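Number of protein chains: 2
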Amino acid sequence: MDRTRRNERMAALTKIVTASPNRIFTLSYFCNLFGAAKSTMSEDIDILQDVLARFELGRLDTVTGAAGGVRFRPGMGKTEARRIITGLCEELAHPSRLLPGGFLYLSDMLSTPSVVRSMGVILAEQFYEAAPDFVLTMETKGIPVALMTADALGVPLVIARHSSNVYEGSAVNINYVTGSADRIETMSLSRRAVHAGQRALIVDDFLKGGGTARGMIDLMGEFSVQVAGMAFVMATAEPAHRRIHGEKTLMVMDAKPDDPASLVVRPADWLIGETSDK
Amino acid sequence: MDRTRRNERMAALTKIVTASPNRIFTLSYFCNLFGAAKSTMSEDIDILQDVLARFELGRLDTVTGAAGGVRFRPGMGKTEARRIITGLCEELAHPSRLLPGGFLYLSDMLSTPSVVRSMGVILAEQFYEAAPDFVLTMETKGIPVALMTADALGVPLVIARHSSNVYEGSAVNINYVTGSADRIETMSLSRRAVHAGQRALIVDDFLKGGGTARGMIDLMGEFSVQVAGMAFVMATAEPAHRRIHGEKTLMVMDAKPDDPASLVVRPADWLIGETSDK
């Protein structure tokens, strides 16, 4: 391949690193691809680091050591995160979205790629330091946002099922109590899905009583996997006493029973507060 | 914001357009963002178009008219697509992956973000011209690849469920015959999920008898939605007579009953053939 000019290299370099979040690329990889010297590629990478920081488009980290190189971590500015989540709240606060039992119609939003991608980036940024080995979700509605969070973190997604399935091979089943109905349900995970000693980030769409989340924690216990964090798209303001603690949520909803006009949906405190990080 | 140099603009421009596939950005948007003249931004866009084509990193299309601008369409070269799918086939052809009933353990691959992203781009490229309004899948295992296909196409994902659910509001249910077991099952979709006159692209993980796919076609019929195409990650070589026709698949598997050593997994013909486009 012919030698590539800096303008062209900047474009190709940006596309390649941002399309593979958390993958470590060596300097040599780009030197070969572009037919450029190491010193030249280092300068390109410096420029890209500055631009990403300046436009709040994520971070390009330098990883040192034998397997070193550069690694892109998706991210956005706090202002942009607040703008996106506030916009979603306004759209969700329509009374027609309130469903029987105090639930909210979220399915359209939870399967719009651009929306779940933004949510995934905002959530992933909160858990880079927790260094999970995989993201765990319970089928079905949380899968898209969990996948995008896993993508931003550069780790696999693991999906717990309601029942074990011929497609999954042998599985571990546990029973759990759903928070809202006090019903006993079953949660199933393929034996080969995870390994003892790994760290899980739990991501799901909706947090009410916390029963399903509690079930996922117990399931991880069966596999000797540590829970490194929990994140949810939406939480109800009530009940205050949940079966879990220490979670991050993007939005909070509140509504009086059988009164759609009372519906309120707002960004979680940690997204709007200037000082609080809760 | 200060005036931005071309090297820096190229990096930011690339990140912004590639992160929002199929979204149309006006020239003015970038002129404002970078404080640059229209002629300058046009040159930047020309450079980016050339680089994406040269490195086979997707396409930047110019959209004319009042709502015109540029639109990024993810894509990859045929050589790269073949390399990725061939690599997946090699990994999948391990006899330990064969499950009772002639199924294959695919769950790990189907929920690895980088893998489903590549699959989604390869599938989306086949359906840009079909211009679907949304991607339809049946829960659960096909959701990640269907989401990534929808993301590359810039359209929402719609998920059919096994049963209607309190979170979804009122729903349309149909019964369908699963191809393998000749069992009757139910498929459910929220009334507000899709609209009459739209076009659907069906994406799912596994094609055997085609019963589930047939069910999705019938379900779309109930909503007066036209099926613009069907795509699958894996198809069995047998049965030759399916309940559906005209699908695109990425991989084909074959195995004699109860003989794991006979397992063969290969890329679909259209990915490896030089002339055929089937």
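Protein chains in written order, with the numbering used here: chain A, 730 to 1007; chain B, 730 to 1007.
Virtual Cβ for every residue (Gly too), placed ideally from N, Cα, C.
Predicted model only: the values in this text are computed from it and were never measured.
Check, Outcome
"7 Å CB neighbourhood of A900/B in its chain, flanking five on each side removed", "S893, S917, L918, S919, R920"
"Span of the alpha helix (DSSP H), counted from its first residue to its last, around K977/A", "K977/A -> not in any alpha helix (DSSP H); beta strand (DSSP E) instead, spanning 977-983."
"Interface partners of Y834/A on chain B, CB under 9 Å", "Y896, E897, G898, S919, R921"
"Sequence-distant residues of the same chain with beta carbon closer than 6 Å to P824/B, five excluded per side", "P989, A990, L992"
"Buried versus exposed, by CB contacts within 10 Å (16 or more), K767/B", "exposed"
"Assigned exposure category for V792/B - 16 Cβ within 10 Å defines buried", "exposed"
"Rounded Cβ spacing between D1013/A and P842/B (contact assumed at less than 8 Å)", "Limits of chain A in this structure are 730 at one end and 1007 at the other, which puts residue 1013/A out of reach."
"Contacts of F784/B in chain A (Cβ-Cβ under 7 Å)", "A741"
"Against chain B: residues of the segment 760-788 of chain A by CB proximity under 9 Å", "L762, D773, I776, L777, D779, V780, L781, R783, F784, L786, G787"
"Closer than 7 Å to chain A by CB, T747/B", "yes"
"From F784/A, I814/A, G764/A, T755/A, residue whose alpha carbon lies closest to that of A795/A", "T755/A"
"Collapsed DSSP secondary structure at G849/B in the structure displayed", "helix"
"Residues within the segment 839-862 of chain B neighbouring chain A, beta-carbon criterion of under 8 Å", "S840, T841, P842, S843, V845, R846"
"Burial state of D987/A, where buried means 16 or more other Cβ atoms lie within 10 Å", "exposed"
"Beta bridge counterpart(s) of N902/B as assigned by DSSP", "S917/B"
"Under 7 Å between C-beta atoms of R735/B and N736/A", "yes"
"Min CB distance P986/B to chain A below 7 Å", "no"
"Members of the segment 864-897 of chain A that neighbour chain B once the beta carbon cut-off is set at 7 Å", "E868, T869, K870, I872, P873, L876, A879, D880, P885, L886, V887, I888, R890, V895, Y896, E897"
"The beta strand (DSSP E) enclosing T941/B, as first and last residue numbers", "Where T941/B is concerned, there is no enclosing beta strand (DSSP E), although the alpha helix (DSSP H) it sits in stretches over 940-951."
"Which residues DSSP lists as bridging G798/B, in chain order", "V792/B"
"Cβ of E737/A within 7 Å of any chain B Cβ", "yes"
"Which listed residue (L835/A, S757/A, G764/A) has its alpha carbon closest to that of G798/A", "S757/A"
"Closer than 7 Å to chain A by CB, L828/B", "yes"
"Minimum C-alpha distance to T907/A - residue among M805/A, M959/A, A942/A", "A942/A"
"Closer than 7 Å to chain A by CB, K744/B", "yes"
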